[in-house]
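What follows is a single structure, written as structure tokens, with notes after it.
In our numbering, the protein residues as written are 8 to 160.
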């Protein structure tokens, strides 16, 4: 499994992409995006409509990441894995969705609920991850191991 910045997304063209923030393009509670990640985002933006998603409700951080990446974020009125997120964007029934993320419990479930293809990336971890986040990551990793036996993730 590769980090977002190591992953080749050249096969994705002309689609709507929901890009998770926490653990996917930046570690939890961090708003500075590394150069390699920005380069990969730029490649995606050239040929797709890309939206940032986060269940984190820190509006200042979401705005900072949005400005740093040049991507619109979907306001956290609705949280993953709720389908209502689709109400925040304009799309046609023929457009294909992709979800790029690091968590099974939110990102995979969201992708399944909206009929999207899911791309799992290796989680970015921060030195200062809270105990709460470490616990969430532990349970999510266990879910990934369990589900990995039954489906391709």
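We put the beta carbon where it would ideally sit given N, CA and C, even for glycine.
Note that this is a predicted model, so its numbers are computed, not measured.
Inset, instruction - Taking all protein chains shown into account, decide if residue 18 is buried (16 or more other Cβ within 10 angstroms of its Cβ) or exposed. - result: One-based indexing of the chain shown puts residue 18 at position 11. A residue is called buried when at least 16 other Cβ atoms come within 10 angstroms of its Cβ; residue 18 does not meet this threshold and is exposed.
Legend entry - Reduced DSSP secondary structure (H/G/I, E/B, other) of residue 108: Stepping through the chain shown from its first residue, residue 108 is reached at position 101. Here residue 108 sits in strand by DSSP.
Inset, instruction - Could you name each continuous alpha helix (DSSP H) segment of 4 residues or more that falls completely within the stretch 80-152, going from the start of the chain to the end? - result: 116-121
Inset, instruction - Output yes or no for whether 8 Å exceeds the beta carbon distance between residue 108 and residue 37. - result: Working through the chain shown from its first residue, we reach residue 108 at position 101. Working through the chain shown from its first residue, we reach residue 37 at position 30. With contacts defined by Cβ atoms closer than 8 Å, residue 108 and residue 37 do not form a contacting pair.
Legend entry - Bridge-paired residues (DSSP) for residue 28: As a first step, residue 28 is located in the chain shown; it is residue number 21 there, counting from the start. Residue pairing for residue 28: DSSP places it in no beta bridge.
Inset, instruction - Pull up the distance between the alpha-carbon of residue 21 and that of residue 47, whole angstroms please. - result: Looking up residue 21 in the chain shown gives position 14. Looking up residue 47 in the chain shown gives position 40. Rounded to whole angstroms, residue 21 to residue 47 spans 16 Å at the Cα level.
Inset, instruction - Would you mind reading off the limits of the alpha helix (DSSP H) that contains residue 53? - result: In the chain shown, counting from the first residue as 1, residue 53 sits at position 46. First-last of the alpha helix (DSSP H) with residue 53: 42-54.
Inset, instruction - Return helix, strand or coil for residue 163, following the three-state DSSP convention. - result: Nothing about residue 163 can be reported from this structure: the residues present for the chain run from 8 to 160 only.
Legend entry - Coarse secondary structure for residue 69, derived from DSSP in three states: Here residue 69 refers to the residue found at position 62 of the chain shown. Helix, per DSSP.
Legend entry - Cβ distance (whole Å) where residue 126 is taken to contact residue 104 below 8 Å: For this step, residue 126 is matched to residue 119 along the chain shown. For this step, residue 104 is matched to residue 97 along the chain shown. In fact, because the Cβ distance is near 11 Å, the residues do not count as touching under 8 Å.
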